Amino acid sequence: MEAAYTLFQHSGFDRVSVAEIAAAAEVSKPTLFAYFPTKEDLVLRRFIDERKSPAWVLRERQSDVPTLTALRQFHLDRLADRDPLTGLNDTPAAITFHRLCNSTPALLARLTVDMLDLEHELAGELLTSGGLTDGFSARLVASQVFSAQWVLSDYNANEIRFGRSADETYPGAVRRTEEAFDALQSGLAAMWPTLD
């Protein structure tokens with residue numbers, strides 16, 4: 032995977048062939064495809080761990096922890112851990128990840144599909160354990176959570192792109208996360224009576 036990232040960093044995603052990646056990684060194309068079914072997977076699977084999705088957070092939370100509280104804390108924990116998906120990571124690999132995703136239509140499309148899948152998974156979990164009783168409300172809440180996280184991540188990544196370090200950006204990222212989840216809390220309260 033490092034070989035692919037190096038090639039992408041120097042030449043861009045679209046200009047690097049799978050054959051070049053396999054050669055740089057010193058593996059055959061079939062071996063490469065056995066681990067990464069698509070070229071997009073070489074970029075996205077590096078950081079996306081579907082086992083730690085928002086739906087996973089709800090399934091694993093203690094029963095007395097409210098849904099949005101669990102999701103808020105999960106995002107705050109990811110910021111503290113400098114999870115690249117929060118945009119709050121200034122390592123070369125994370126910067127390359129965000130640059131590639133923002134400059135490559137195929138990667139952005141694939142990332143969008145992956146995020147929609149995770150959003151649908153969250154909607155299902157909101158119906159199961161989040162106190163929502165209809166599919167429309169669950170989808171609406173899930174989309175709001177993912178939209179907030181997307182904006183937060185993009186804002187953090189832009190700060191890093193413009194030269195701020197992750198440590199310099201962290202206090203503002205925490206403040207923005209609190210503001211975003213406060214807005215979700217107050218905005219969703221009318222349609223989600225069991226929010227607290």
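Just so we're aligned, residue 32 is where the sequence shown starts under my numbering, counting upward by one.
We treat Cβ as the ideally placed atom computed from N, Cα and C, and that holds for glycine.
Note that this is a predicted model, so its numbers are computed, not measured.
How is I52 classed by DSSP in three states: helix, strand or coil? In this structure, I52 counts as helix in the three-state DSSP scheme.
Does DSSP put T200 in a helix, a strand or coil? Of the three classes helix, strand and coil, the one that applies to T200 here is helix, per DSSP.
Assigned exposure category for V74 - 16 Cβ within 10 Å defines buried: Flag for V74 reads buried.
Tell me which residue opens and which closes the alpha helix (DSSP H) that E152 is part of. For E152, the enclosing alpha helix (DSSP H) begins and ends at 136-160.
Cβ-Cβ separation, M222 to F177 (assumed contact under 8 Å), whole Å: Not a contact, Cβ separation roughly 17 Å.
W223 - containing alpha helix (DSSP H), residue span: Per DSSP, W223 belongs to no alpha helix (DSSP H) and is neither H nor E.
Let's see if you can read the secondary structure: which residues bound the alpha helix (DSSP H) around G43? From DSSP, G43 is part of no alpha helix (DSSP H); its letter is neither H nor E.
When the distance is taken between beta carbons, is L131 closer than 7 Å to L138? The Cβ atoms of L138 and L131 sit closer than 7 Å to each other.
Close Cβ partners of A188 (< 7 Å) along its chain, the five nearest in sequence each way excluded: Answer for A188: G118, H129, listed in chain order.
Measuring only the C-alpha atoms, how far is G166 from A173? The alpha-carbon separation between G166 and A173 amounts to approximately 10 Å.
Stretch-stretch touch, CB-based, cutoff 8 Å, three pairs: the region 106-120 with the region 204-213: Three or more beta-carbon pairs separated by less than 8 Å link the region 106-120 to the region 204-213, which places the two stretches in contact.
Starting from the N-terminal side, write out each stretch of the beta strand (DSSP E) that is 3 residues or longer and does not extend beyond the region 53-95. You should have found no qualifying run.
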